[in-house]
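The listed protein sequences correspond, in order, to chains A and P.
First residue of the first sequence: 1, per our numbering; consecutive thereafter.
First residue of the second sequence: 195, per our numbering; consecutive thereafter.
So the structure is just underneath, and the comments pick up after that.
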Amino acid sequence: MEPIQKHQGLVYPINRANIDTDQIIPKQFLKRIERKGFGQFLFYHWRFDDQGNKKFDFSLNHSIYNNASILLAGENFGCGSSREHAPWALLDYGFRVIIAPSFADIFYNNALKNGIIPIQLKMAQLDQWMDQAERKKLTLTVDLVNQYIIDEDQQKVYFDIPSYHKEKLINGWDEIALTLQHQEKIDAYEKNNV
Amino acid sequence: MNKPKTIIQKIWDKHIVHHEEGKPDLLYIDLHLVHEVTSPQAFEGLRMNNRKVRRPDLTYATMDHNVPTKNREVIKDPISQKQMETLQKNCEEYGITLADMYHPDQGIVHVIGPQLGLTQPGKTIVCGDSHTSTHGAFGALAFGIGTSEVEHVLASQTLWQERPKTLNVQVDGELGSGVTAKDLILAIIAKFGVRFGTGYVIEYTGKAIRNLSMEERMTICNMSIEAGARAGLISPDETTVDYLIGKRYVPIGEEFETLAEEWRALATDEGAVYDKTVTIQAEEVEPQVTWGTNPGMCVPVSGMTPDLSKVDQKEDVERALAYMGLNEKQPITSIEIDHVFIGSCTNSRLSDLQKAAFIVKGKEVNKNVRAIVVPGSFSVKMQAEKEGIDTIFKEAGFEWRDAGCSMCLAMNDDVVPPEVGVLLLQIEILKEGKEMEHVHIWLVQRWQLLQQ
Ligand code: SF4
């Protein structure tokens, strides 16, 4: 997993609640056996019509959002099926940060495990940026180390993230390697219980 | 005396391998179920890092998500084929038991776990599928995980988890006749909303829950996910113990008796405190139909779609109605049906098929309707055929298929053409785009619609 301490990027706003993992990556694209290459299918049914042509009424297809890497979304982002293909698709497309008022539990964890920063902000704080990003290019800087987001007008908003998640993201640590440091405890548990 | 505990606390405490203040706990996992769609990248990760599967004996694999449900031999999509071959190879390489497409134990992962007795009270159970919550019906702590976590469990047989908050959903009273478990869980979600369980593990309690059979309890726990919770469970009782007697992976004789005692002791103690409790009266619940694009958008079958002037989230409701091709205030019974699907891990067990067959018997599927039944497992299918249930369905004009997820996920060939209405009897999931684009799906429990 790639370490991430600070990220500056263009914002793409999608003001909808309950965006589920099937909308993020429809099930017909789950058949690959690799982790890469899912970006092309991101939000597929919103981005493309039945013939595979780009739909221009969906704003992600507008050129001003080319290279967007910060996603602003509505409540309960990533609900539905537990597929990790959802964060894989977001990451592969280029998103490193997702900001929403709330996330579905499994998605939140899946995002962290792939080096995406999920940031929970109150709707009231999000609204203004959502609004700006819908009208023009908006760049935000996310400082994970100091836990704030700052916009071009120097408006700063602090956010919470559990420290152990932060540590892993900043260092890009492999979680399994960390766990296997507790090997002896796992052995002992098995001896007594299994 | 010890402080009274909920079953959730008891299972949690017993599985902690490592605990550090302010961090998630490292939990031991007793059973890891694996299927072809969410596992290939996990095995690939192991291989890249030169790691082994720590406990192949606590891991069990099957093929369900994209197996064909007719003409097994013909897998039209080469990528599906590759996914299944990959699972086969991985299981061979790492020594994991696999019920492949032709195996008599094959079926939807959440149907076969209980059927084989792999699912037992007090276990921690995970699988790379959100509906793993189904196994909670047995008083197990069971939840869905992502592929990185699948890899983590394969390598270490543990998971880092934050202690969840506990939510008691208490169902008092008795369900009316003809009202099923599916109606109850839909009514709970409609009443409290699709997010009310977020951040919690739900325990379902109360008289109406106690009165449910094991298969009905599985339907309830299965849909905890649709209520936003990661897991839902029911304290074990005699119904649980009776169900498990004689199942293949359950010990027999004295060992069973000792185990059964432990299971009984797991039940939530009198006076245990939950972080939150909600109650619903079973008598309030009527047969439900969803009209919209999430499972909370549901009304009694006698009702109608919402009145736009009276709803809170008007935009969402409007979008859902437009997507489904419905009008506001439209009577549910006026909806036209093109497809009927009976199946999925919510309701494809023997008792579900028996109930459906009882209603179908002697009737005929409308000529304009395509109707299919997909049993949850090979064993359910065999049992149903022994009872002549397949004949009832076939005579009524249904297709009788092999076991798998089928239209629930529609990764195999069981897809529906756009712009038609599908009636999903006895199954859950329905969100925008979940099946095919522009397929209109109603999840219902009853057959009134079919009979019009
Ligand atoms: S039937 Fe549907 S919900 Fe159940 S395991 Fe299969 S795809 Fe998942």
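Here a beta-carbon is modelled for each residue, glycine too, at the ideal position from N, C-alpha and C.
None of these values were measured; they are calculated from a predicted model.
Residue i burial status per 10 Å Cβ neighbour count (16 or more: buried)
i, result
"Val194 of chain A", "exposed"
"Val11 of chain A", "buried"
"Asn488 of chain P", "buried"
"Lys31 of chain A", "buried"
"Thr263 of chain P", "buried"
"Gln275 of chain P", "exposed"
"Leu112 of chain A", "buried"
"Leu292 of chain P", "buried"
"Asp207 of chain P", "exposed"
"Gln355 of chain P", "buried"
"Thr452 of chain P", "exposed"
"Tyr443 of chain P", "exposed"
"Tyr468 of chain P", "buried"
"Ser571 of chain P", "buried"
"Trp173 of chain A", "exposed"
"Lys204 of chain P", "buried"
"Gly391 of chain P", "buried"
Beta-carbon spacing of residue i, residue j below 9 Å
i, j, result
"Ala375 of chain P", "Glu480 of chain P", "no"
"Gly78 of chain A", "Ile106 of chain A", "yes"
"His329 of chain P", "Gly311 of chain P", "no"
"Ala334 of chain P", "Lys359 of chain P", "no"
"Gly216 of chain P", "Thr256 of chain P", "no"
"Val363 of chain P", "Thr433 of chain P", "no"
"Leu144 of chain A", "Gln8 of chain A", "no"
"Val142 of chain A", "Ile70 of chain A", "yes"
"Gly74 of chain A", "Ala17 of chain A", "yes"
"Ile149 of chain A", "Leu140 of chain A", "yes"
"Thr341 of chain P", "Ile290 of chain P", "no"
"Ala172 of chain P", "Glu593 of chain P", "Outside the shown range of chain P (195 to 646) lies residue 172 of chain P, about which nothing can therefore be said."
"Gln147 of chain A", "Lys166 of chain A", "yes"
"Pro87 of chain A", "Ile119 of chain A", "no"
"Asp271 of chain P", "Asn284 of chain P", "no"
Cβ neighbours of residue i in the same chain (closer than 6 Å, five flanking residues each side left out)
i, result
"Phe58 of chain A", "Trp46 and Arg47"
"Ile365 of chain P", "Note on identity: in this sequence residue 365 of chain P is Val, with Ile being the wrong assignment. Around Val365 of chain P: Gly400, Ala402, Ile403, Ile474 and Ala476."
"Ile383 of chain P", "Glu420, Ala421, Pro489 and Gly490"
"Gly239 of chain P", "Glu345"
"Gly615 of chain P", "For Gly615 of chain P, the predicted structure reports a pLDDT of 47, less than 50, and the residue's modelled location is therefore unreliable. The matter cannot be settled from this model."
Neighbourhood of residue i by C-beta distance below 7 Å, restricted to the same chain and skipping five residues each side
i, result
"His213 of chain P", "Asp219"
"Gly465 of chain P", "Pro198"
"Glu626 of chain P", "Confidence at Glu626 of chain P is low in this model, with a pLDDT of 31, below 50, so the placement of that residue is unreliable and no value is reported for it."
"Tyr437 of chain P", "Met408"
"Lys441 of chain P", "Leu310 and Gly311"
"Thr352 of chain P", "Val211, Leu220, Leu221, Tyr222 and Ile223"
"Asp258 of chain P", "His229, Gly301, Ile302, Val303, Gly598 and Cys599"
"Asn61 of chain A", "Arg47, Lys54 and Lys55"
Min CB distance residue i to chain P below 9 Å
i, result
"Ala104 of chain A", "yes"
"Val157 of chain A", "no"
"Ser81 of chain A", "yes"
"Leu91 of chain A", "no"
"Lys113 of chain A", "yes"
"Ala100 of chain A", "no"
"Ser163 of chain A", "yes"
"His85 of chain A", "yes"
"Arg35 of chain A", "yes"
"Asp195 of chain A", "Residue coverage of chain A in this structure runs from 1 to 194, which leaves residue 195 of chain A outside it and unanswerable."
"Thr141 of chain A", "no"
CB contact check: residue i to chain A, cutoff 9 Å
i, result
"Arg266 of chain P", "no"
"Gln234 of chain P", "The sequence given here has Pro at residue 234 of chain P, not Gln. So, interface residue."
"Thr328 of chain P", "no"
"Gln548 of chain P", "no"
"Trp354 of chain P", "yes"
"Asn416 of chain P", "no"
"Gln203 of chain P", "no"
"Asp271 of chain P", "yes"
"Ser350 of chain P", "yes"
"Lys197 of chain P", "no"
"Leu603 of chain P", "yes"
"His304 of chain P", "no"
"Pro611 of chain P", "Per-residue confidence for Pro611 of chain P stands at a pLDDT of 47, beneath the threshold of 50, marking its modelled position as unreliable; no derived number is given."
"Arg245 of chain P", "yes"
"Ser324 of chain P", "yes"
Cut-off 8 Å between Cβ atoms - residues of its own chain near residue i, not counting five sequence neighbours on either side
i, result
"Pro26 of chain A", "Phe41, Tyr44 and His45"
"Val574 of chain P", "Gly301, Val305, Gln309, Ser542, Arg543, Leu544, Leu547 and Ala597"
"Glu478 of chain P", "Ala381"
"Glu343 of chain P", "Val320, Gly322 and Leu353"
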